[in-house]
Amino acid sequence: MNASLHAAARGLAHTLNRSLSALDRLFLVRKHAPVVPPLFILGVPRSGTTLTYQIVTQWLQVGYFIDAMNLFSGCPNLILRLASPFLRQPRPVFSSRFGKTDYRFAPAESGTFWYRWFPVDDESGHYTDPTAIQPDRYATLIANVQSMSMIVQKPMVFKSVYLDMSVGVLAQIMPEARFLFIRRDLLYNCQSMLLARQQQPDPTAWWSVRPPHYRQWLSQPLWKQAVNQVFATQAILERDLRAYAAGRYFEITYEQVCANPRQFATDLADWLAPIGYKTYPETQLPAAFPLSTTIRLDKELIRRMEAYLEALQRGERHP
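In terms of the numbering used here, the sequence shown opens at residue 34 and continues consecutively.
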């Protein structure tokens, strides 16, 4: 799809979902009953967030988005009411392609839902400044999250890499929310990001999360764009979690998840149990998941990426 057709389709979808949001208000649960706080799964793109999401929704009794909610993001409450009989423990699917699975009721990202409150792409990319928020702006977001939880009678779990850029806001407007931060070895994360970018229809077009200042990188080689994207996204996520969600986030590495998914799931469940999260009985998880530690790029390119990444970490370079 060329740029003009893509823009037209996006505009049509926006108009449709704006109309649907008015309809969806009829299905919003307006009771102010206590609900278990939501869990947000966050991490740099290509860091293992989708696999982590799949494990979490297998292990914990939670509600989650499905793919239909990405297309019809304006009516999440209606879709959840229709789909809730099918949203019990999901089919055990532990594979995906760029965060997507083929199973229609599989846990999905549904980034378009969040665009109703957070930027699609403004001067700071996807980033929302957490120091200058207007709480009233997010009243409908809070109402929707609470309503969805009451519809499914479970806490909601949300996974969207775009929310890496909004965690400071989320932590303030939902002071009871919890966050799961998945990180990966940065060099392998950068390699995976570059390989994913190369597989897109137009590798030169920006892909996935847009940190502040990303436009300044567009003239750089793709490998340097990938390293800047990974490094900046993780730095922002770490900073804002520490500043706004201290004591409310659980940190795990992709390597730990793959090595012992059951231990990860057990530890997470124990951490969440005091606020009301429950597990499914007798859930079976694989003993381990394969972890790629193969260098798949040219050795000289990897050497340059590693050197640049180390310079960023030392503060000698800036994205």
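For each residue, glycine too, the CB sits at the ideal point set by N, CA and C. Only a predicted model underlies this, so the values are computations on that prediction, with no experimental measurement involved.
Just measuring C-alpha positions, the residue of Ala172, Leu174, Ala210 sitting nearest Pro188 is Ala210.
A Cβ-Cβ distance of about 11 angstroms is found for the pair Asn177 and Ser106, leaving them out of contact under the 8 angstroms criterion.
Under DSSP, Leu93 takes part in a beta bridge, and its partners are Thr312. In the DSSP assignment, Thr286 is bridged to Arg216. Counting C-beta atoms within 10 angstroms of its own C-beta, Pro118 has fewer than 16 neighbours from the protein chains shown and is therefore classed as exposed. The continuous beta strand (DSSP E) containing Val190 extends over residues 190-192. By alpha-carbon distance to Thr326, the top candidate from Ser225, Asp300, Ala306, Arg350 is Ser225.
Between the alpha carbons of Lys257 and Tyr171 lies a gap of roughly 35 angstroms. Note that the C-beta distance between Leu228 and Leu330 is below 9 angstroms. Here Arg51 carries a helix assignment [DSSP, helix/strand/coil].
Shown here for Pro245: same chain residues with a beta carbon closer than 7 angstroms to its own, the five before and five after excluded, namely Ser157, Gly158, Tyr160 in chain order.
In the three-state reduction of the DSSP assignment, Gly280 falls in the coil class, being assigned neither a helical nor a strand state.
Shortest Cα-Cα distance from Pro78 to any of Tyr287, Ala320, Asp303 involves Tyr287. Here the alpha carbons of Ala340 and Glu349 stand approximately 11 angstroms from one another. Only residues of its own chain outside the window of five on either side were considered, and among them Cys223, Met338, Tyr341, Leu342 have a CB closer than 6 angstroms to the CB of Val260, listed in chain order. Distances from the CA of Arg347 to each of Phe264, Leu324, Glu271, Ala279 were compared; the closest alpha carbon is that of Phe264.
With a cutoff of 9 angstroms on beta-carbon distance, Pro163 and Val200 are scored as near each other. Sequence-distant Cβ neighbours of Tyr310 in its own chain, meaning closer than 7 angstroms and more than five residues away, are Val69, Leu93, Pro188, Ala302.
In this structure, Cys108 is the residue among Arg295, Gln179, Leu220, Cys108 with its C-alpha nearest to the C-alpha of Asp57. DSSP, read as helix, strand or coil, puts Asp155 in strand. Between Gln205 and the set Phe297, Ala279, Trp304, Val242, the nearest pair of CA atoms involves Ala279. For Val95, same chain residues with a beta-carbon under 6 angstroms away, outside a window of 5 residues either side, are Lys187, Pro188, Val190 in chain order. Membership of Ile328 in any beta strand (DSSP E) is not indicated, and neither H nor E is assigned to it by DSSP. Assignment of Arg211 by DSSP, reduced to helix, strand and coil, places it in the strand class. Rounded to whole angstroms, the gap between the alpha carbons of Leu115 and Ile99 is 12 angstroms. Your pair Arg281 and Phe214 does not check out as a contact, with CB atoms roughly 11 angstroms apart and the cut at 8 angstroms. According to DSSP, residue pairing for Leu72 in a beta bridge involves Val190, Arg211. For Ile184, the CB contacts under 7 angstroms within the same chain, skipping 5 residues up- and downstream, are Val62, Asn110, Leu113, Arg114, Ser117 in chain order.
Assignment of Thr164 by DSSP, reduced to helix, strand and coil, places it in the coil class. With 16 or more other Cβ atoms from the protein chains shown falling within 10 Å of its own Cβ, Gln87 counts as buried. Between Gly76 and Asn103, the beta carbon gap of about 19 angstroms keeps them out of contact (Cβ cut-off 8 angstroms). Taking a C-beta distance under 9 angstroms as the contact criterion, Pro319 and Pro352 do not qualify as a contact pair.
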